[in-house]
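J.:
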Amino acid sequence: RPLKAPLLAEQTRQATMDRQEFGLYFAIIVAECALLAFLEKSSKCVTNFQARKCCHAGTGLMLLQFDSRTAQSRALVYVIGLFSLGMTWEVIPGIPPFRFGKSRDIGMTVYL
Numbered sequence: 001r002p003l004k005a006p007l008l009a010e011q012t013r014q015a016t017m018d019r020q021e022f023g024l025y026f027a028i029i030v031a032e033c034a035l036l037a038f039l040e041k042s043s044k045c046v047t048n049f050q051a052r053k054c055c056h057a058g059t060g061l062m063l064l065q066f067d068s069r070t071a072q073s074r075a076l077v078y079v080i081g082l083f084s085l086g087m088t089w090e091v092i093p094g095i096p097p098f099r100f101g102k103s104r105d106i107g108m109t110v111y112l
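Heads up: the sequence shown at position 49 corresponds to 49 in the UniProt record's numbering, and the numbers run straight through without jumps.
1. What whole-angstrom Cβ distance do Pro97 and Thr88 have, given they're in contact under 8 angstroms?
2. If you count every other CB in all the chains shown that lies within 10 Å of the CB of Val39, and 16 or more means buried, which is it?
3. Starting from Gly81 and walking both ways along the alpha helix (DSSP H), at which residues does that stretch end?
4. Kindly list the residues whose CB is nearer than 8 angstroms to the CB of Cys54, restricted to its own chain and excluding five residues on each side of it in sequence; keep chain order.
5. Would you mind giving the Cβ-Cβ distance between Ile92 and Gly86, rounded to the nearest angstrom? I have them listed as a contact below 8 angstroms.
6. Could you check how far apart the C-beta atoms of Arg99 and Ala51 are, in whole angstroms? I think they sit under 8 angstroms.
7. Could you round the C-beta distance between Phe83 and Leu76 to whole angstroms and report it? I think they count as a contact, below 8 angstroms.
8. For a test of the three-state rule: what should DSSP assign to Cys45, helix, strand or coil?
9. Go through its chain and collect everything with a Cβ distance to Glu90's Cβ below 8 angstroms, but skip five positions before and after it.
10. Do the CB positions of Ile106 and Met62 come within less than 8 angstroms of each other?
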């Protein structure tokens, strides 16, 4: 019987961490989407070069927040990378590449 209480406490702590981690990941993804939307629509005040560099820096900062030891984090990074490659190479119908990147951009492909 003495083992049940510590085990239950550990399970509760793990569930709380999972919810907190999900909330953090969700907030980071929302912030990244907001940054990309701003960069995509701000052609009057942000040059293509500035938008591209802000995208690289912002995405890099976002990726640094994820714990690479967890499968969820790694999967999320792969999905983001594959989606970005799909946009760059126009594999996804109806979704154009970023305004600050060229279609089939080798530089962006190598970066990803």
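All residues carry an ideal CB built from backbone N, CA and C; glycine is no exception. Remember, it's a predicted structure, so these values are computed and weren't measured experimentally.
T.: From the atom records:
1. The pair is a contact, with the Cβ atoms about 5 angstroms apart (cut-off 8 angstroms).
2. Note that residue 39 is Leu in the sequence shown, not Val. The C-beta of Leu39 has 16 or more other C-beta atoms within 10 Å across all chains shown, which makes the residue buried.
3. Unbroken alpha helix (DSSP H) run through Gly81: Ala71 to Thr88.
4. Excluding positions up to five away in sequence, the list reads Leu35, Leu39 and Val46.
5. That pair is a contact at about 4 angstroms.
6. The Cβ separation is near 7 angstroms, so the contact holds.
7. So it is not a contact: roughly 11 angstroms between Cβ atoms.
8. For Cys45, the secondary structure class from DSSP, reduced to helix, strand or coil, is coil.
9. These residues qualify, in order along the chain: Pro96, Pro97, Ser103 and Arg104.
10. No, these two residues do not count as a Cβ contact at 8 angstroms.
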